[in-house]
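Written out below as structure tokens is the structure these notes cover.
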Amino acid sequence: MLKNQDWRKSVVYQIYPKSFNDTTGSGIGDIKGIIEKLDYITFLGVDYIWLTPVYESPMNDNGYDISNYLNINEDFGTLEDFELLVTEAHKRDLKVMLDIVINHTSTEHHWFKEAKKAKDNPYRDFYFFRKSQDGPPTNWESKFGGNAWQYDPVTDEYYLHLFDVTQADLNWENKEVRQALYNIVNHWIDFGVDGFRFDVINLISKGEFKDSSKIGKEFYTDGPRVHEFLHELNRQTFGDTDMMTVGEMSATTIDNCIKYTNPERQELNSVFNFHHLKVDYVNGEKWSNAKLDFHKLKTILMDWQTGIYQGGGWNAIFWCNHDQPRVVSRFGNDTTEELRQQSAKMLAITLHMLQGTPYIYQGEEIGMTNPHFTSIDQYRDVESLNAYQNMKQQGYDEDDIMDILGQKSRDNSRTPMQWSKENNAGFTEGKPWIDVARNYLSINVEQAIEDKNSILYTYKKLIDLRHQHDIITYGNIIPRHMKHNDLFIYDRTFDNRCWTVIANFSAQNVIIPEDVDLNGNIIIQEGIIEGNSISGYGAIVIETISENK
Ligand code: TEU
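Those letters in the sequence shown? Residues 3 to 551, per our numbering, in order.
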């Protein structure tokens, strides 16, 4: 009998606290603001909320640069506020998942401040400091641009940072580091949280420090001791609890993800991978604009769906998060109000019928769009600002850069949550830390609740369906018509039931292939089916039951 059966039927709602709801007028969302909106989240029907990091931090990377793991960032509130949030969430049967960043710390963390002081400081080996004569020790690149080694004049050595220069990578080879991190995880378990999202957790084992043809990726991605470390983390912390855990995996493989999540191995419950969100990159380059490659999208999603299912692993499934542009602007269509609504519903159905644990990112449930910023002054994200400088240096035209950022920047998903028609979309009474998207007058929660045909009710229904029907959680997944240019079709099967999911990714009416049986119970439908044609951005799930099983 498997432990933790229950989490598998869960749906998670991701909150980016900085942009969720501000109760103080500071322009920055806060924990009290989340408490204020718990009834809304309960109304939606999800099981967990996941908060991106709320710990003490200089906020160079909006909290993914932690300077104290045991306290709350004062912009967000206090530990007491956080305790109240957990209590209030539990009262509503909502579980709380924390985001733990243990691949790196902020350079403001006291471990790093100590480590930096001298080569023989007891914390020196908590990080990777290396001596090097002519320039950086290796040619590895930071994911935010530039070399991944930063020279430190205090001791004439370089330290490793795979992300921002203020995010120093921790040395997991050091047992003391691991123990210190396990203590932190245990602290939060004792505090009463119900789950963890582990940030870039497949990068913790660094392998060798050598020059690389792939800017370092082959040495630190799914590195040599990563499974051993995750097994140890599991055993030393959450392993015997019923917590839900999800690992964020950068550039990983299906085989590794089966290992990370197959319960017999005692590592994690589930994984995020990002391959399906690189189908609008040109030759793997994020800072480029390409149209969605629909065949690639289907192939990647289905390879992961069938591969992980057959290997006994578990996927986390998602279109959106705080690092990704808004899906309705990306793979849907936000050019008219009607197309926005239809395509957002279609994308929701396509994703929520897949196998795995679905995540909804704040605002996705009302079809929030990219803000279509027009000036670099509107951007805040460190990665976007670095990319802007890099593209400038490479001689890109300003308009082209704005076009690329407008489609790829992480700030596309970080604009304030649109609650109402009030000033600043009801997010703050002060000046928001980042501009509100201009379409908030028509796209907001208040409006979505009033309109029973809104995108919000499609999400609500999909969540209810998952809770009611085991086929969505446990059923097999069978891809169909993979070569079709417009339709995404797959079957889910469980016992004698089959649910066929048909989604039209184009704005036109499309003929459904003849062998797809349309005579059955309609589980959910958005758009129009007439004869054997499905309307633009339509989606339907049809159930057929076979008698002879
Ligand atoms: O992201 C890790 C990650 O690899 C990305 O999704 C990243 O944002 C992308 O590669 C940039 O192109 C996680 C967090 O989700 C992200 O917000 C942090 O900035 C990052 O780790 C560092 O902690």
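Cβ coordinates follow ideal geometry from the N, Cα and C atoms, glycine included.
As the structure is a computational prediction, the values presented were derived from the model and not from experiment.
With a threshold of 8 Å between beta-carbons, can residue i be considered close to chain B, or not?
{"i": "LEU81", "result": "In summary, chain B is missing from the structure at hand, where a single protein chain is found."}
How is residue i classed by DSSP in three states: helix, strand or coil?
{"i": "VAL518", "result": "coil"}
{"i": "ASN64", "result": "coil"}
{"i": "HIS106", "result": "strand"}
{"i": "PHE200", "result": "strand"}
{"i": "MET3", "result": "Confidence in MET3 is poor, its pLDDT being 33 and thus under 50, which makes the residue's placement unreliable; the coordinate value appears in the next sentence. Looking at MET3 - three-state DSSP - the assignment turns out to be coil, as it is neither helix nor strand."}
{"i": "PHE211", "result": "coil"}
{"i": "PHE84", "result": "helix"}
{"i": "ASP244", "result": "coil"}
{"i": "CYS500", "result": "strand"}
{"i": "MET393", "result": "helix"}
{"i": "SER508", "result": "coil"}
{"i": "GLN16", "result": "strand"}
{"i": "VAL329", "result": "helix"}
{"i": "SER144", "result": "coil"}
{"i": "ARG126", "result": "helix"}
Please report the Cβ distance between residue i and residue j, rounded to the nearest whole angstrom; I am assuming they are in contact, meaning their Cβ atoms lie under 8 Å.
{"i": "ILE74", "j": "ASP83", "result": "7 Å"}
{"i": "GLU116", "j": "TYR125", "result": "4 Å"}
{"i": "GLN169", "j": "HIS106", "result": "4 Å"}
{"i": "SER214", "j": "TRP316", "result": "About 31 Å; that fails the 8 Å criterion."}
{"i": "PHE231", "j": "SER252", "result": "So it is not a contact: roughly 15 Å between Cβ atoms."}
{"i": "ILE319", "j": "PRO360", "result": "5 Å"}
{"i": "TYR492", "j": "SER345", "result": "With a Cβ gap of about 18 Å, TYR492 and SER345 do not count as contacting."}
{"i": "LYS300", "j": "ALA541", "result": "That belief does not hold up - the Cβ atoms of LYS300 and ALA541 are roughly 14 Å apart, past 8 Å."}
{"i": "ILE30", "j": "ASP77", "result": "5 Å"}
{"i": "SER386", "j": "ASP413", "result": "6 Å"}
{"i": "ASN388", "j": "GLY147", "result": "4 Å"}
{"i": "LEU96", "j": "ILE33", "result": "Actually they do not touch by this definition, with Cβ atoms about 14 Å apart."}
At what residues does the beta strand (DSSP E) containing residue i begin and finish?
{"i": "ASN523", "result": "523-528"}
{"i": "SER134", "result": "Unbroken run through SER134: none, as it is neither H nor E."}
{"i": "ASN534", "result": "No beta strand (DSSP E) contains ASN534, which DSSP labels as neither H nor E."}
{"i": "THR51", "result": "Just to set this straight, residue 51 is Ile in the shown sequence, not Thr. From DSSP, the beta strand (DSSP E) with ILE51 extends over 50-53."}
Residues in the same chain with beta-carbon distance under 8 Å from residue i, minus the five sequence neighbours each way, listed in chain order, please.
{"i": "ILE186", "result": "TYR71, LEU72, ILE102, ILE104"}
{"i": "LYS121", "result": "PHE131, THR157, GLU159"}
{"i": "ARG267", "result": "HIS229, HIS233, LYS261"}
Residue j and residue i - do their beta-carbons sit closer together than 8 Å?
{"i": "ASN426", "j": "PRO434", "result": "yes"}
{"i": "GLY334", "j": "LEU349", "result": "yes"}
{"i": "GLN238", "j": "TYR184", "result": "yes"}
{"i": "THR430", "j": "GLY65", "result": "no"}
{"i": "GLU545", "j": "ARG499", "result": "yes"}
{"i": "ARG468", "j": "THR460", "result": "no"}
{"i": "VAL88", "j": "ILE465", "result": "no"}
{"i": "VAL384", "j": "ASP166", "result": "yes"}
{"i": "LEU270", "j": "GLY241", "result": "no"}
{"i": "THR254", "j": "ASN275", "result": "yes"}
{"i": "GLU340", "j": "LEU458", "result": "no"}
{"i": "ASN291", "j": "ASP405", "result": "yes"}
{"i": "GLN380", "j": "ASP437", "result": "yes"}
{"i": "MET61", "j": "ASP196", "result": "no"}
{"i": "SER69", "j": "SER108", "result": "yes"}
{"i": "LEU164", "j": "LEU205", "result": "yes"}
{"i": "ASP517", "j": "THR502", "result": "no"}
{"i": "GLU90", "j": "ILE37", "result": "yes"}
From what residue to what residue does the alpha helix (DSSP H) around residue i run?
{"i": "ALA439", "result": "No alpha helix (DSSP H) contains ALA439, which DSSP labels as neither H nor E."}
{"i": "ALA292", "result": "First-last for ALA292: undefined, no H or E at that position."}
{"i": "ASP154", "result": "Where ASP154 is concerned, there is no enclosing alpha helix (DSSP H), although the beta strand (DSSP E) it sits in stretches over 151-154."}
{"i": "GLU400", "result": "400-410"}
{"i": "ASN70", "result": "Careful: ASN70 lies outside any alpha helix (DSSP H), inside the beta strand (DSSP E) at 70-74."}
{"i": "ASN258", "result": "256-263"}
{"i": "SER415", "result": "That residue, SER415, is in no alpha helix (DSSP H); it is neither H nor E in DSSP."}
{"i": "GLN344", "result": "339-354"}
{"i": "ALA170", "result": "Here ALA170 belongs to no alpha helix (DSSP H); instead the beta strand (DSSP E) covers 169-171."}
{"i": "GLU571", "result": "Since the displayed the chain opens at 3 and closes at 551, residue 571 lies outside it and no answer follows."}
{"i": "TYR461", "result": "457-470"}
{"i": "ARG180", "result": "177-193"}
Whose C-beta lies closer than 7 Å to the C-beta of residue i among residues of the same chain, with five residues either side of it excluded?
{"i": "GLY209", "result": "PHE221, TYR222, GLY225, PRO226"}
{"i": "LYS462", "result": "LEU46, GLY47"}
{"i": "TYR18", "result": "THR54, HIS324, GLN364, ARG416"}
{"i": "LYS288", "result": "LYS410"}
{"i": "MET3", "result": "For MET3, the pLDDT reaches just 33, beneath the cut-off of 50, and the residue's location in the model is therefore unreliable, although a value from the coordinates is still provided. Cβ within range, chain order: n/a, list empty."}
{"i": "ILE524", "result": "ILE542, ILE544"}
{"i": "GLY218", "result": "THR140, TRP142, GLU143, ALA150"}
If I measure Cβ to Cβ from residue i and keep anything under 6 Å in the same chain, skipping five residues before and after, which residues do I get?
{"i": "SER537", "result": "ASN511, GLY529, ILE530"}
{"i": "MET393", "result": "ILE403"}
{"i": "ASN6", "result": "Low local confidence applies: a pLDDT of 42 at ASN6 is under 50, so the model's placement there is unreliable, with the coordinate-based value given in what follows. Contacts found: ASP244."}
{"i": "HIS277", "result": "ILE302"}
{"i": "TYR442", "result": "GLN420, ALA427"}
{"i": "ALA439", "result": "PRO373, THR417"}
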